[in-house]
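Peer 1: Would you mind keeping the following structure in view while I ask a few things?
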């Protein structure tokens, strides 16, 4: 079997990915692709990226053996890749640092971003402040209401937050609006996409920046455990934390790759965001991928307790990894995720993000079916402080 | 340009080998007739089902009676990424009535009962045709009397199979060119486009209001070196004066957001009259260039 080398030159992962945008964006994407290809192979760029990840983000993030929780579950050992310990509290910053450094080298003084819960918006506002760039963040007006703290955080960091009133007023509409801004201001503006979706080269570029997660994990596993894990488990909304962990392991076929989607109130209801489990292939936001859509190809609103997973599409590389069978995708409900959130708080003193709680919840189901010498590496992609109000509300409390 | 050469080559081979027998299409007939009269085409855009599905076919007839040469009919989509707020709202109004691609095709068929000459070009986004399937779409579109289709998010490099399916049914694949399109790409698009080329006259989304006529003039001169098809100019044409000026430069003037605004602020009772009046004003302007 030859080594995995996707995407193809024109940005395809099998039938997925590609460049499905209006003509007005083609030259900007072509420019981005050329510049990225150049800097991706530029030792100076890579050295600066590595320096920033170490000194600004705080990498490497440790792998932590959740012994007490593993013992409680009574099966495989659960290891946590602690992306929650990064600056700004999630894996998102790996990518925004990379894209901001690229923007700077391309001479763009203004960055824009879309955000759902506000995590990618905060990570973008953070790097814009760090590198002295203007930052505009598009956020659905529904999300602006629900995530007031993050909106204020972005403002404190100097960003302008623009509430988006079109469509369902959530993440997908914020993405549409950011694209509209980009097409209008393409000469001075760099669009920092927050996940492994969008037109080529975004899914590849974001993956490469996030691959630091999997590359570190490989070295750390070897050093701490003298072997690689039996399975990797990560939550999948757009899928950037999952790809970041999976990608360096794709050719290592002994390691199972398990992506966990949001089943919301149940995949048999119409209130979920389990795109790979329940969606159909189509074209949205610049790429061909699985989508949650009606029979006429209109995009349907999704639901998840976790805003970061509440997206009707998924990165095209995940679509391909599903179809070719290299990765498996499962779904976890709001209630199951909430359960895992509380369990990790109580057993390990770690408060996970609700997104990451989906991965944890699947690990909690899977571990007891395995012998104790098996190792499951779960990507703890973010910390849960941002979710305290949601969790309190679910428990009938107001903070 | 590495990313697209292969797909372009495939497309070009396809056209040169198999499609030398050109099917006559209402679009080329229309442009030929206009050229013989030394006139420019006026192409209004409306969204099918806006403000309600019942009025669309009547509105199409009204636009033709008021001077439209070709009708661009928007297929509503939940995520119209390339459109500004005006056309987004029109799409949302249509979607409130659950207008889907099938319904849009039915509207064209209904329109054809009374009008067999005016070309109808559908405009929309990829996912509704992805959901219907290329072949089913092309067959149905042909049966309903569709003449061309522009899918905003199908650039040429992702379109080879799509164009093949359309071509088998004699439907024109319309492509966009923009101020940022580099020269080699203009040449490539020129080789595979059919019907007319739609030149997007400004950066940004539909409905913006800053159109630089000098830029349009310079760019159109460049385009003419490579393109023999008629060139339509759209995005940013909001009044008679601009329409007149653009008609002096291009073969067709496309007006979208301005008409949608008129629809938006008209009651159902006055909508047909208001749209007709607006179009007559634009027609006069276009013809006076």
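Residue numbers (the working numbering), protein chains in the order written: chain A, 5 to 403; chain B, 5 to 293.
Cβ coordinates follow ideal geometry from the N, Cα and C atoms, glycine included.
1) Mind the definition here: the stretch 111–129 of chain A touches the stretch 376–394 of chain A only if three or more C-beta pairs lie below 8 Å; say whether that holds.
2) I want to verify the contact list: residues of chain B whose CB lies under 8 Å from the CB of residue 297(A), in sequence order.
3) Give me, in chain order, the residues of the same chain whose beta-carbon lies closer than 6 Å to that of residue 170(A); leave out the 5 immediate sequence neighbours on both sides.
4) Between residue 32(A) and residue 190(A), what straight-line distance do the alpha-carbon atoms span, to the nearest angstrom?
5) So with Cβ pairs under 8 Å, would you call residue 173(B) a contact of chain A?
6) Ordered along the chain, which non-local residues of its own chain (more than five positions away) have a Cβ less than 6 Å from that of residue 26(B)?
7) Give the DSSP bridge partners of residue 127(B), in chain order.
8) So what does DSSP say about residue 193(B), is it helix, strand or coil?
9) Using a Cβ-Cβ cutoff of less than 8 Å, which residues in the same chain neighbour residue 109(A) once the five nearest sequence positions on both sides are dropped?
10) Note down, in chain order, all residues in the stretch 145–172 of chain A with a beta-carbon under 9 Å from any beta-carbon belonging to chain B.
11) Give me the Cα-Cα distance between residue 231(A) and residue 104(B), rounded to the nearest whole angstrom.
12) Evaluate residue 229(B) with the Cβ neighbour count: other Cβ atoms within 10 Å of its Cβ, from every protein chain shown; 16 or more gives buried, anything less gives exposed.
13) Can you name the residues that DSSP bridges to residue 297(A)?
14) Run through the stretch 219–290 of chain A for me and flag every whole alpha helix (DSSP H) of 4 or more residues, listed as ranges in chain order.
15) Strictly under 8 Å for the Cβ-Cβ distance: is residue 207(B) near chain A by that measure?
16) Identify, in the order they occur along the chain, each residue of the same chain with its Cβ nearer than 6 Å to the Cβ of residue 24(B), setting aside the five sequence neighbours on each side.
17) For residue 252(A), which residues from the same chain have a beta carbon less than 7 Å from its beta carbon, with the 5 sequence-adjacent residues on both sides left out?
18) With a cut-off of 8 Å, does the C-beta of residue 162(B) fall near any C-beta of chain A?
19) Leaving out five residues on either side along the sequence, give the residues of the same chain with a beta carbon under 7 Å from the beta carbon of residue 287(A).
20) Less than 8 Å separating the beta-carbons of residue 61(B) and residue 115(B)?
21) Is it true that the CB of residue 248(A) sits closer than 8 Å to the CB of residue 211(A)?
22) With which residues is residue 176(B) paired in a DSSP beta bridge?
23) Listed from N- to C-terminal order along the chain, which residues in the stretch 67–98 of chain A have their beta-carbon within a distance smaller than 7 Å of any beta-carbon of chain B?
24) How about residue 142(A) and residue 116(A): are their beta carbons less than 8 Å apart?
25) Which residue or residues does DSSP assign as beta-bridge partners of residue 250(B)?
26) By the 8 Å beta-carbon criterion, what residues does the stretch 145–170 of chain B contribute toward chain A?
27) Is the shortest distance between the beta-carbon of residue 180(B) and the beta-carbons of chain A less than 8 Å?
28) Taking the alpha carbon of residue 85(A) as the point to measure from, which residue in 94(A), 78(A), 306(A), 264(A) has its own alpha carbon closest?
29) Counting contacts by CB-CB distance shorter than 8 Å, is residue 99(B) in contact with chain A?
30) Name the residues in the stretch 219–243 of chain B whose C-beta lies less than 8 Å from a C-beta of chain A; which are they?
31) Please confirm if residue 212(A) has its CB atom under 8 Å from at least one CB of chain B.
32) Take residue 124(B) as the anchor and find which of 84(B), 47(B), 191(B), 183(B) has the nearest alpha-carbon.
33) Output yes or no for whether 8 Å exceeds the beta carbon distance between residue 69(B) and residue 244(B).
34) With a CB to CB cut of under 7 Å and the five nearest residues on each side skipped, what residues in its chain are close to residue 284(B)?
35) So residue 199(A) is in the alpha helix (DSSP H); what residue range does that whole segment cover?
36) When DSSP labels each residue in this structure, what does residue 26(B) get in the three-state scheme?
Peer 2: Here's the rundown:
1) yes
2) 131, 135
3) 177
4) 7 Å
5) no
6) Residue placement at residue 26(B) is poorly supported in this model, since its pLDDT is 46, which falls under 50; the coordinates still yield a value, given next. So no residue of the chain qualifies.
7) 78(B), 154(B)
8) helix
9) 39, 43, 49
10) 169, 170, 171, 172
11) Rounded to the nearest angstrom, the two C-alpha atoms are 54 Å apart.
12) exposed
13) Partner(s): 303(A).
14) 244–250, 279–282
15) Residue-level contact check: residue 207(B) touches chain A, since one or more beta carbons of chain A fall below 8 Å from its beta carbon.
16) Here residue 24(B) scores only 39 on pLDDT, less than 50, and its place in the model should not be relied on; the value that follows carries that caveat. Excluding residues within five positions, none has a Cβ falling inside 6 Å.
17) 215, 218, 219, 222
18) yes
19) These residues qualify, in order along the chain: 24.
20) yes
21) yes
22) 152(B)
23) none
24) yes
25) According to DSSP, residue 250(B) bridges with nothing at all.
26) 156, 157, 158, 159, 161, 162
27) Put simply, the CB of residue 180(B) is near chain A, with a gap under 8 Å to one of its CB atoms.
28) 94(A)
29) yes
30) none
31) no
32) 47(B)
33) One thing to note: residue 69(B) has its Cβ no nearer than 8 Å to the Cβ of residue 244(B).
34) 70, 71
35) That residue, residue 199(A), is in no alpha helix (DSSP H); it is neither H nor E in DSSP.
36) Bear in mind that the predicted position of residue 26(B) carries a pLDDT of just 46, short of 50, making it too unreliable to give a figure here.
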